[in-house]
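Undergrad: If you read the protein sequences in the order shown, they are chains A and B. Each residue of the first sequence is one higher than the last, beginning at 1 in our numbering. Each residue of the second sequence is one higher than the last, beginning at 1001 in our numbering. We put the beta carbon where it would ideally sit given N, CA and C, even for glycine. It should be emphasised that the depicted structure is a prediction, and the values quoted were computed from it without experimental measurement. Below: one structure in structure tokens.
Protein chains: 2
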Amino acid sequence: MGYKHNIEDILDIGTELIRTNGYHNVGINQILKACAIPKGSFYNFFETKEHFACEILNRYGERSKKMIEGFLLDKTLTPLNRLKSFYAMIIDVSEEDNYAGGCLLNTLSNEVGRLNDEIAETANTNFLVWIEVIANCVLEGQQQGEIIDSFPPEYIAEYLHAGSYGAFSRMKVTRSRTYLDNWYEMTFNFISK
Amino acid sequence: MGYKHNIEDILDIGTELIRTNGYHNVGINQILKACAIPKGSFYNFFETKEHFACEILNRYGERSKKMIEGFLLDKTLTPLNRLKSFYAMIIDVSEEDNYAGGCLLNTLSNEVGRLNDEIAETANTNFLVWIEVIANCVLEGQQQGEIIDSFPPEYIAEYLHAGSYGAFSRMKVTRSRTYLDNWYEMTFNFISK
DNA sequence: ACTAAATTAGACCAATTGGTTTAATTAGCC
DNA sequence: GGCTAATTAAACCAATTGGTCTAATTTAGT
């Protein structure tokens, strides 16, 4: 039957709070309150706030990887169209989310990437896992002549995904999808053959 | 002769602290300590921490505008080469800075852009001032046939500068200029005619 | 020299920060 | 049923948060 509280719930709620409000702006107490768990339970599950951040990053990384694969391994579309549908979905979801947070990995990278070694490494590792999935799709597109082959697939994959992070920065202050849409249009124009 | 403390020093030190450590991670007390000023003076100059953030944003915005113009109005280079030299400089400076903070405007946009209306608007306003300067240079480049004209100059300007923000996110976790360099190479390859 | 306003100084405030501790309770296993 | 380990619960901690307050000092204008 298990105990009263389960880690998954704490991770879920913590992920959303930190993704939308930032790392230093969300206290342990706030997470505890939202989860309705006492402090003892939290520190039974997690050593420190830093470790907690790494755990939600890894969890977010794994789940997102599966979601990315759901789009990029879909053989009913051409590789380029798979990529397009993936980023079109990200933009739609951001709008539904009311432009609140964007990607947890990006949020933590920007806020604590330079300050905290463990969080930085965890964020980077998970990012590179995504890049591998994206690069495979890019390579397929290159082989089918849909995508430019003037750059290695990993370069294009990083360019694509990090590019979306730049767009998130603009999204957060403009509270609109306009620049996300422009970014999408221009980037796919540039990498299409 | 003036009083003992001057606002400029507080703004300078506050800018650097927040740019490199983030908004919520830097307390008023920390800024006071670094400036060696008492609290009364700080709150005599600035209403709240939020207002202080807006002031350093505006100051950073104005100074950066002048610096951008220093590069982009330099008639000894072609428009495209002016843009290239500007972003090459940004990357070099980031390396010298040990990849610490990147752009204050981007840092604040990402961390508090969605949480704080005043800071968001201030960040966006200053960003758009830069975009205007960059767009003028892009337009010149288009007129001289150096830069693609398949997109409006403002679109290319935003694409350029927001793109560099995505690269900063990667820089902070990798602690290297590698992705900044790749971004530079690819972006200028895409927008060159 | 006098006055009013700006500045300086730092003690003080309630609220919150991340984290510890101790005791009670619960679960799983033999 | 009894034992051990995990979990729950919340009081407690020192340090820090953004911000206020009062009093002393300094400046600029007349």
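1. From which residue to which residue does the alpha helix (DSSP H) around Lys1049/B run?
2. Near Glu1146/B, which residues of its chain fall below 8 Å by C-beta distance, leaving aside the five closest residues on each side in sequence?
3. Which residues in chain B sit within 7 Å of Gly194/A, going by Cβ to Cβ distance?
4. Tell me, which residues are paired with Cys147/A by DSSP?
5. Looking at Asn116/A and Gly1169/B, is the spacing between their C-beta atoms short of 8 Å?
6. Anything in chain B within Cβ reach of Lys172/A, meaning under 8 Å, just list it in chain order.
7. Would you mind giving the Cβ-Cβ distance between Glu1118/B and Glu1050/B, rounded to the nearest angstrom? I have them listed as a contact below 8 Å.
8. Could one say the Cβ of Asn1058/B lies closer than 8 Å to chain A's Cβ atoms, at least one of them?
9. Can you pull the chain B neighbours of His24/A, defined as C-beta to C-beta under 7 Å?
10. Closer than 7 Å by C-beta to Ala1123/B: which residues in its own chain qualify, once you throw out the five before and the five after it? Chain order, please.
11. State the DSSP-derived secondary structure class of Leu1077/B, mapped to helix, strand or coil.
12. Cβ atoms of Ile91/A and Leu180/A: under 8 Å apart, would you say?
13. For the region 1171–1191 of chain B, list every residue whose C-beta sits within 9 Å of some C-beta in chain A, in sequence order.
14. Applying a beta-carbon distance threshold of less than 8 Å, which residues of chain B neighbour Ser164/A?
15. Between the region 1001–1011 of chain B and the region 1025–1037 of chain B, do at least 3 Cβ pairs fall closer than 8 Å?
16. Can you look up Gly102/A in the DSSP assignment and give me helix, strand or coil?
17. For the putative contact between Ile1068/B and Trp1130/B, defined by C-beta atoms under 8 Å, what is the C-beta separation to the nearest angstrom?
18. Taking only beta-carbon positions, decide if Gly14/A is within less than 8 Å of chain B.
19. Go ahead and label Arg1063/B buried or exposed: buried means 16 or more other beta carbons lie within 10 angstroms of its beta carbon, across all protein chains shown.
TA: Judging by the given coordinates:
1. First-last of the alpha helix (DSSP H) with Lys1049/B: 1049–1072.
2. Thr1078, Pro1079, Leu1080, Ser1192, Lys1193
3. Lying outside 1 to 193, the shown extent of chain A, residue 194/A is not represented and no answer is given.
4. Note that residue 147/A is Ile in the sequence shown, not Cys. According to DSSP, Ile147/A bridges with Ser192/A.
5. Reading the sequence as shown, one finds Ser at residue 1169/B and not Gly. Not a contact, by the Cβ cut-off of 8 Å.
6. Ser1109, Asn1110, Gly1113, Arg1114, Ala1120
7. 6 Å
8. no
9. Gly1022, His1024, Asn1025
10. Leu1057, Leu1105, Leu1108, Ser1109, Gly1113
11. Coil at Leu1077/B, not helix or strand.
12. yes
13. Met1171, Lys1172, Val1173, Thr1174, Arg1175, Tyr1179, Asn1182, Trp1183, Glu1185, Met1186, Thr1187, Asn1189, Phe1190, Ile1191
14. Gly1166
15. yes
16. coil
17. 6 Å
18. no
19. exposed
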